[in-house]
Structures are given as C-alpha cells and as structure tokens.
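Have a look at the structure below, then the notes.
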Amino acid sequence: MLYYKGDISALTLFGLHAYGSVCFPDALPKLSSVLEPEQFISQQVCVHPAQLVNAVNQLYKLDNDLLQVEQGFNEQIDAPGGVITVYMARFMVLDPPHQLLKPYQCALKTLPELRLQPLAELELLRRAYVKVMES
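Counting in the numbering used here, the sequence shown runs from 0 upward without gaps.
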C-alpha cells in the first residue's frame, strides 16, 4: 500500500491503482480476508519490505528516496493461494505526488473516496489509517 500524509495539514491520501485496488503492484485475489494479529502465520521465508519498495520504484520509475517503508505496519491476508503479507510505504514529499502517478493511471484518494473498495481492502485501509494517525 502507498500513502501520502501532509506534515502540516495531516491530509492523508492512499494510492489507488488503475485496476481499482489500493494494493501495489497487484490487487488482492477475490475471496481474500484480513487476518487478526493472533491468527498471523509465522513465515520461514519472507521478502523484506524495502525490496518491495524498490520494485515499486522501478515499476513506476520513481526516485529511490521518494518512498519510505512504514515501520511496524504489516498485515496478513488469507487468500485462496496462501497468506499474503501487506506492507505500507509513505511518499516522502511536501505536496501530494498526483503528477507522478498520473501517467500510470494511478491516483491518490481520501478514505471517503475509497469506501466502495472490497471488504478486505477496507479493513486494510482502516488499520493503515490507525497506524498513520498514531505515528
């Protein structure tokens, strides 16, 4: 997940991909559900969130210092193909980077604008918003 938070205004926006998902670079599979922390599954091998940020940087041709991993945010999703771990990264810029995402048909949206997302994504957004407001 990608997000922007204004340091002065506290405006919080979440990335929305052209295919309609808040997850980057791929949408969650249908029938996915967010696990509660006590249901998390210990994984022997997992990808470091910085590797995922680097992949997003390359995919969208972003500068390497533009996104920063949100420490302490990792949520697990129960999906038909297995457990997926979702991380979040923050755009480290003064103003919302709308123009950087526009060529890829991606956008930054407020929570009310995202209220029609699938239930699993709504729960991810809720947890992400709590994390952002606590930091």
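Glycine included, C-beta positions come from ideal geometry on N, C-alpha and C.
- Of the other Cβ atoms in all chains shown, 16 or more fall within 10 Å of the Cβ of residue 116; this residue is therefore buried.
- Residue pairing of residue 76 in beta bridges, as defined by DSSP: 33, 83.
- Looking at the DSSP output, residue 68 shares a beta bridge with 88.
- DSSP lists no beta-bridge partner residue for residue 5.
- Excluding five sequence positions before and after residue 95, the CB atoms of its chain that fall closer than 8 Å to its own CB belong to 3, 5, 10, 12, 107, given in chain order.
- Under a 10 Å Cβ-count criterion, residue 17 is classified as exposed, with fewer than 16 other Cβ atoms of the shown protein chains found around its own Cβ.
- With respect to the C-alpha of residue 99, the residue from 8, 131, 15 having the closest C-alpha is 15.
- Of the candidates 36, 90, 21, 129, 90 places its Cα closest to the Cα of residue 67.
- Looking at the DSSP output, residue 106 sits in a beta bridge with 15.
- In the structure shown, residue 125 falls within a helical segment according to DSSP collapsed to helix, strand and coil.
- Between residue 113 and the set 28, 20, 58, 1, the nearest pair of CA atoms involves 20.
- Taking residue 58 as the centre and dropping the five residues before and after it, the same chain places the C-beta of 24 closer than 6 Å to its C-beta, in chain order.
- Nearest to residue 77 by alpha-carbon distance, out of 22, 8, 39, 131, is 39.
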